[in-house]
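For reference, the structure is listed below as structure tokens.
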Amino acid sequence: MEDKKTFIDPDLTKRTVIGPNGEDITVDPIQDYFCDALPKKHEPKRAKIFENFFNWARAESIWVLGFGTGCGSIELYPLLTPRFDAYRFGVQMRPTPRQANLMIISGYLSVKTLKRAIRSYEQMQNPKFVMALGSCTINGGMYFDSYNTINRLDKYMPVDVYVAGCMPRPEAILAGFEALKKRIKAGKAEGANLYAENFETYKANQKKIIRDWNMPDYNW
Amino acid sequence: MEYLTLQNIGLVTGFMLMLIGLYGALTQKNILRIIVAFTIFDAGLNLVIVALSYIKGRVAPIIDQTTGVTNLSEKFVDPIPQALVLTSIVIGVGVTGVMLTFALRMFKTRHSLDINDFKQTKW
Amino acid sequence: MSIDWIKLLFTLLGLFIVLNYGLLQYGLIRRITARIGKRIGMPVYQPYIDLVKNYAMRSQITHGVMFYLGPVFRLVGGVGIFMFMPLIYGSYYWSNYSFAGDVILIMYFMFFGMLGMALGASEGGHPYSFIGISRGLSQFTTVEVPFTLAVIAVAVQHHSFSLTEIVAGQQGGIMHWNIMTNPFAGIAAMLAFLGMMMASPFNVVQAPQEIPIGPPTEYHGTYLGLLQTNRAILYVSESILMVNLFFGGATNWVELIVKSFCVFFWPVFVGLVFPRFRIDQSIPWFLKIPLILSIIGIFMV
Amino acid sequence: MVSPVHIVSIGLITAFLLGLGKKSQQQMLVFVLMIATAAMTMVSGSWLIGLMTGSLKPTDVFTAGFKPPFAINLRMTMDEAVLTTMVNVFGFLTVIYLFDVLKKAGKHLLSIIVVFLIGLNVVVMTRDLFNLFVFLEITSIATAGLVIIIQDSKSISAGFKFLMASSVISGILLIGIIFAYSYVGNLNIDFMTNLSMVKGGAVAVFLVMTAIILESKQFPANGWALDMYESAHPAIGSALSAVSAPAILFVVYKLMPMVPENWHPVIGLLGLITFAFSNFLATRQENIRRMLGYSSVAQGGLMLTVVAMSVYFGQSFWFIILGFLLTNFFAKAGLFWLNGIVNSDDQNKWGILRKRPVLFFLFGVFVVAMAGLPPFPTFFAKWEMIMQLAQGNGWGWIVLILLGSIFEIAFLFKWFGRVFHAVKDQPAEPVIPWFKEFPVMLFGAGILATSYYFIKYQQFDNLFVLIPLLIVAAFVVIDFLPAFIKNILLIAALTFYGYIIYPEIKGNIMQLVFMSVFLVGGILTLIPGFATKGTRAGFYPFAAMTIFGLIMLVNPGDNLTFFMGWEQMALGSYILILRGKKAERPAQQYMLFSAGGAYLMLAAFGMLPHFAGDTFFGNLSGLIPGAGVVFVLFALGFMLKTAAIGLHIWLPGAYSEAEDDATPLVSGVLINAGVLGLFWIVTSFGPQQLFGYDIFQLMGWIGAITAIGGNMLAIYEEDMKRLIAYSSVGAMGYIIFALSMDSKLGLLIALYYMVLHFIYKTMLFMSAAGVIYRTKTRNMYEMGGLIKSMPWSFIVVLIGIITLAGMPPLAGFAGKWMFYNAVVMKGWYLQGTMVFFSGIVAFLYLYKLIASVFLGQLKDNHRRVKEAPFVYLLPQFIFVIAIMVLSIFPQVLLEPLATIIPDRVPGEAILWDGRLAMTSFGYWNAFAVMTTVIVMFATIFLWLTYHSRKAQKVKQFNIVFAAERPFRPETTHVSYNMFAGYKKALGWLMTPLATQFWTGISDWSTAIADKVRSWYTGNGQTYAMHLLLYAFVLYLLISGGKIL
Amino acid sequence: MEKIIQHLQGAFDVKAVKKQRNDLYFVTVGKDQAIPAVTYLRDAEGFSHLVMITVADWMEKGVFELNYIVHNYQLHADISICTNIDREEATMHSAHHLWEQAWTYQRELKEMYGIEFPGSPRVDESFNLEGWDNIPPMRREFDTLKYANETFFPRPGRVSHDPATYMKQKLYPNE
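Residue numbers (the working numbering), protein chains in the order written: chain A, 3 to 222; chain B, 925 to 1047; chain C, 11 to 311; chain D, 6 to 1049; chain E, 16 to 190.
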């Protein structure tokens, strides 16, 4: 049982199809279907005043990707109810990572989910932030000894704000938003650039546990 | 009684024969019988031709001792139908002959003389 | 052809006003919506922030040239509708470029943006874009039928397709408005307007819970900024169109804004009350009541 | 000069000589026979030439030295000369054709052939009734003898049936003759003209005529003849059809003077019934020889009609009968001979002919000639016949003729299409001996020559008819050249033709517009042909034929030229469609519908002189009151071509299955012929009533429904070409609607849209052809993401669909704008809204077209697809430029078009104030719109480009996929059944009523034909019974139940 | 119920019967008789619903105990057919032909315990774990804590307490 398995994804193996004129066309899905560029670091605007203005806008308009992991996602819905009403703080939910700025990892992450989380995170555009909820994302929480649940999120993606608790209540999440806003306004929330700079480290960590890595290195 | 002339008898008999022939040709299933029926039809036809040209008291247009050589047109019946009937008989015989040939060949191909057995070509 | 530069300036000014108005209106409506849901809601100026943020995104991706052009088409469509529509009745400078064409031009120019957007989104290659577009186009075909009939009714009534003349014919008090003189056509057009605005119950096109947000799934950053800009301009322009067609137009900016705001509120209220239709429910719906109303309207003229 | 009696004597001598020959000298005997038939031909031929040149006078030969009526006399006039020549030439060629058979068969067979020929010659020449009988019998016996060349059970029994029938017939004939004799007192036909006046003489006439009519195999008492055709050797079948039948008909002609006037129509009607029904029954035939038999019988019926009505037709009788006679002679004999060469009655085996281009070409010529399409004599004969009948209000007759003709076309072209596509599984190179090919080729040449003389005789305007036909013929001759050269030549020919035609039509803008659509369209659609390799045999003659047919429509001097052009175009395009790989059925449908439309038009042309005198309908001016029916017939005919709803079912198949680069020609260019016709009738007839109902109103509704129907059907198509084809249906509905508004603006819309539709549809089809050329598939769901590899095609399609959708700022908007104004002015709100609805529905399929093909996910097997060839793109971009020019300056086109519309048409026209177009309702400034849009577009685009200059280019799977990744392009591309929701909501609109209707008609006719043909039981006795019954019914018909 | 058990005993070589409740029995049969027994229950006794297939790892005995729990809707009763299979060569007959959903259970058992079900569809595909290349994690010889410590970067400084003692200490430090 100790031998390392190799994982073959039938959709990503090279294949040969017959073209319209009868010629053979070899398709290498990873090469042909996916962009293989690596992320670049995007420098902030040199003019401080612009950057500050933009950071203020980013802070006041936080679009959250609707991605729920673990039990914490149930705590996100009350945010939108009249009682907590996160809209007041400029927080809105977006269904697509392309338009979202903030990714909330709402609880424990199994390896399988981590893969999806990484993919979604990489599909978000540059000023992007991560908020992690619950002990599980901090140190594994009650799943610290699970064979399938990660212990520390910050090994896999740059986390801007941790909200502790098991689970944190919506008030705590709102506080987390405030903290995040402060960070953004201060220009410290450069997670995306951090990710680009330490890309190899992050990738190595990710690949260590995601054995069947069946996607390009960076999901554009 | 004045209708019962030789001409009329000939005509009626001729037409009767024709009808009998036709009836036979249309109802009989055996090819040979059909051919016979057609011969009867022909005979009736020829009788009609002859009867039509008959004029009472005249004889067939054959010149011999009894007729002499003068005033032939008054002694003889109309000669043309007589000539026609000869041709007609010849043709009739010819057709009968050809029909019989066909009958023979038909029998050779299928060993049957029932006309219902020869319906390969239809519709 | 000599270009009237002053008029161009006025038009651009009008565009600027309408853009701001549109953004504020959107914020206000979100806030009112929130109030109806017993929430406080986002600040009124939130759309501005969103817009700035989107334009300030640092990285972007592109799927190809058409993907690129989609928002451009869309915004041209929106701005075009504005450009070809007279704003203030009786004012030369606020009549924009309405000399270039009449209401038919405006109606058909709406398609321009739609088509461009559809193509751009399709180049993204996302299945949801296709599904959203196919729904949007399907619904749009039937929305336009009662609307067009209503427009024709109005045009026949005033014997003109020119918006200026239609507005001129409605001057002189509320009883001269087309919504009063030809209520059937007016109501039909207002019902169709619901579909044009793609608000609930006719928002199956974007249906965030079902097919993320439909066509613009792949759009982000500047592209999304353009689309937001367009939304601000387009929705206001469409309201102004309705105002011009049925509510007597406007003789000054205040009147224009008040009227168009009221018109715009109609789909918002309806949307708050009614749940979403499926696409195969909304298509027949438009071919029933609104269509019958508009046919009555056209024969009343 | 050699006396005509020597034809007989040569024959007799030969028969004796043959009797003397020995078995071992068989081959020599065949040569003797050949020489004898040649000599007979020489004699009759010399008389023919002599009579034609006038060096000889018609003569009588008195056999016994007496003058008639006392002796038998043979007559030789022009008629007899023609017929005997035909008989003898045919005999000569038969001997050659049967060379191999005769070599093996006994010498008796040779004698029988001679006897057969003698019999026919005398039947033609004799003036004596009884002599006629004798030689008819001799011919019959000889025929029976010939039938058993093939000695199988089938042919022997057929021969026996034949003998039975001929016995019955001869009985009737003989009684008739004898009665005639007994009343008149002689047997000469010339002395019997007053026979029917004599008391009781009518019976004699009746019997004689009945016998002869029965002998000419009239439906339905002709089972024996059909069995003969089916089972006899093809050469004998051809003899029966090509010479025997004409000889009998000549007998009818000879006997006609003694027939009372009031019988003529009855006999004529019998012939027509035969024509219609035999053709009808032939549609159900799979066996070629039997089908040809039905066809022969049908032709015989038609000729009987003409002969019976010879007095009625007067001057044109000779023209008509010669047309039918010669065509039947050459074509039917040729087809039977071809049957002998192919040696199979199975249609699929006829693919052998595809290996022999010349034979196949002749096969096509024969079929087309039989079907009565131009430029063959039957066409002109049929036209003349209909015109003559129409003058006497013979509508029932016309209906029968047209019905028969359409059935004829149905089975002939079904056969042709089958043979055309039966290439597979054929032996490599069939061995065809020269003596089999030679007669066929000779007859092919014969029919072509005849056609040439018929065309010459018509004295057409050379520039528009003869030159184009000669060009077509030239392309037939040079068909062996490579496609490249032929393409250049055809383009050059068309260009040159345009150059010489231009001064002729310069003054007439209408002609100029249509001519340029057809010519320019023709030239541009030919350009993609450069991409094909090989010879592309058979394409260019028919492309030329189609284009020139269209050109003939533009400037016809008279109705006939127009109709000829119409039929020529139909034929040419039929072949072009048939060339597609799976086009057999669609092409057949196309041909049927085309023919149906053409015959409706033919009827209309016949009625036209009643209302409008003898002028060409395009030159009529002003309202023609009371011409409602004519108008409807014309309108139906043209709407068949423009595929109005209900009549549209041929279109998608025909357009989509045609060769990809021929489709633009067949569709985009050709469909305008219908528009041309509709425009002409609308402008020249004016509003018409039918049963008190306004036809224009009706047409408006038809147009509106067509527009919706066509577009709705297009939505659900997965096949690229079918989609565009259905879109054509929609566009045509739009045009029909616009025309039916009958206002200045409406007609202007129609014309403008005609031009515009031509531009964008041709463009779209070409673009589709380019895509299909590269991807080798037509299903849109198998494509996707081609924008990267085919950007230019994408641009073309984009421009095309923006134009089609009528979006500003491109040219399509002009049509929409005028449309609203016109609708509001006319007050047709409901129909107008329907058309408008169809316009929006168009968005759905347009989006599907462009998105499924060019956008979305690129499929694996299309990764290396290249841009369409330059020759495909070149014409497309010419069209794009045209659209752009029209978009900015629409008045360039609109102003000249407005001048075409006659003044009598009500409604207001567009006023132009510089670039501003105005009506009393609205205004529109294309230039201003375009400028504004361009400025806006450029501004925003530049800004976005600057802003997103650093955007990362990603590939096809870099999409957000709910945190997953797509698996395969196939499963990620949403294209199949794209508008499922729409189908659920409005799918009930798409019930294929039209298809069900036409399928129903087809099934019905099949069922009826099957019922009717079960009349032919195959039993000789039944056939004899039929003969008697026929005679009885005929008696009732003629006498009206009274004793004659 | 008793009758059914008697029937089972009559028809199969039943090794043990354990009555849990009135409506729940555990019947142990041999490895080769498990599937026939389940089939019998399904077809003859009306236990038409497969509640689940589950396994208990008896490492000490060296066996896996497989349970097929079936339910009868008429009686509202369950019977679990138990069978022991060898831990080292864990192979069992597939039941997917009886219930379609069985293959999902079997796929899970294959992944979590490494029990082979020859013939079961898609049994080799990953179920919960993507890219697992270690011992099947639910086998008791697999040390999850060690694995987690090796793999998941445990955050230093994390301590575990017994909740009872810890809370007692925290809340009532003086007691």
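We put the CB at the ideal spot given by N, CA and C, even for glycine.
- Within the stretch 629-688 of chain D, the complete alpha helix (DSSP H) segments at least 4 residues long are 633-646, 655-662, listed from N- to C-terminus.
- Counting C-beta pairs closer than 8 Å gives fewer than three between the stretch 161-181 of chain D and the stretch 259-271 of chain D, which falls short of the contact rule.
- By the C-beta criterion, the stretch 136-152 of chain C is judged not to be in contact with the stretch 180-195 of chain C, since fewer than 3 inter-stretch pairs fall below 8 Å.
- The beta carbon of Val-635 of chain D is closer than 7 Å to those of Ala-609, Met-612, Leu-613, Phe-616 in its chain, skipping five residues each way along the sequence.
- Taking the Cα positions, Pro-133 of chain E is about 7 Å away from His-108 of chain E.
- Shown here for Leu-81 of chain A: same chain residues with a beta carbon closer than 7 Å to its own, the five before and five after excluded, namely Ala-88, Pro-172, Ile-175 in chain order.
- Between Phe-131 of chain A and chain C, the shortest Cβ-Cβ separation is not below 8 Å.
- For the C-beta of Phe-962 of chain B, the chain D residues within less than 7 Å are, from N- to C-terminus, Ser-172.
- For the stretch 203-285 of chain D, the full-length alpha helix (DSSP H) segments reaching 4 residues or more read 206-220, 228-236, 239-244, 250-260 along the chain.
- Ala-810 of chain D reaches chain C at Tyr-118, Phe-121, Leu-125, counting residues in chain order whose Cβ is nearer than 9 Å.
- Only those residues of the stretch 51-66 of chain A whose C-beta falls short of 7 Å from the nearest C-beta of chain C are listed: Phe-56, Ala-59, Arg-60, Glu-62, Ser-63.
- Going by DSSP, Cys-138 of chain A is part of the alpha helix (DSSP H) stretching over 136-141.
- Membership of Val-29 of chain A in the beta strand (DSSP E) is indicated by the continuous run 26-29.
- Taking 8 Å as the threshold, the shortest C-beta distance from Val-1019 of chain B to chain D falls below it.
- Against chain D, the CB of Lys-1043 of chain B has a partner CB under 8 Å away; the residue lies at that interface.
- Within chain A, the residues His-44, Gln-127, Asn-128 have their CB atoms less than 7 Å from the CB of Ser-69 of chain C, given in chain order.
- Contact of Met-52 of chain C with chain A is assigned, a C-beta pair being separated by under 8 Å.
- Per the C-alpha coordinates, the member of D:Leu-718, D:Leu-607, D:Met-557, D:Ala-985 positioned closest to Met-392 of chain D is D:Leu-607.
- Annotation for Ile-293 of chain D: Asn-344, Asp-350 place their beta carbon closer than 6 Å to its own, counting only its chain and skipping 5 residues before and after.
- When beta bridges are read from the DSSP output, Glu-131 of chain E appears opposite E:Thr-106.
- With fewer than three CB-CB distances shorter than 8 Å, the stretch 925-934 of chain D does not count as touching the stretch 42-57 of chain C.
- Excluding the 5 residues flanking it on each side, Ala-600 of chain D has same chain C-beta neighbours closer than 6 Å at Ile-411, Ile-414, in chain order.
- When Cβ pairs closer than 8 Å are counted between the two stretches, the stretch 311-328 of chain D is seen not to touch the stretch 223-243 of chain D, the count staying below three.
- Bridge pairing for Lys-34 of chain E: E:Tyr-40 [DSSP].
- Lys-1043 of chain B sits away from Asn-564 of chain D, with the two beta carbons spaced by 8 Å or more.
- Taking 9 Å as the cut-off between beta carbons, the residues of the stretch 123-150 of chain E near chain A are Gly-129, Ser-141, Asn-143, Leu-144, Glu-145, Gly-146, Trp-147, Asp-148, Asn-149, Ile-150, in sequence order.
- In the three-state reduction of the DSSP assignment, Lys-958 of chain D falls in the strand class.
- The beta carbons of Gly-32 of chain C and Ala-160 of chain C sit no closer together than 8 Å.
- Within chain B, the C-beta atoms nearer than 7 Å to that of Val-139 of chain D come from Thr-1011, Ile-1015, in chain order.
- Contact check for Asp-13 of chain A against Phe-416 of chain D fails: the beta carbons are separated by 8 Å or more.
- Counting of Cβ neighbours within 10 angstroms places Leu-1024 of chain B among the exposed residues, the total staying below 16.
- Within a 10 Å sphere around the beta-carbon of Met-144 of chain A sit fewer than 16 other beta-carbons, which makes this residue exposed.
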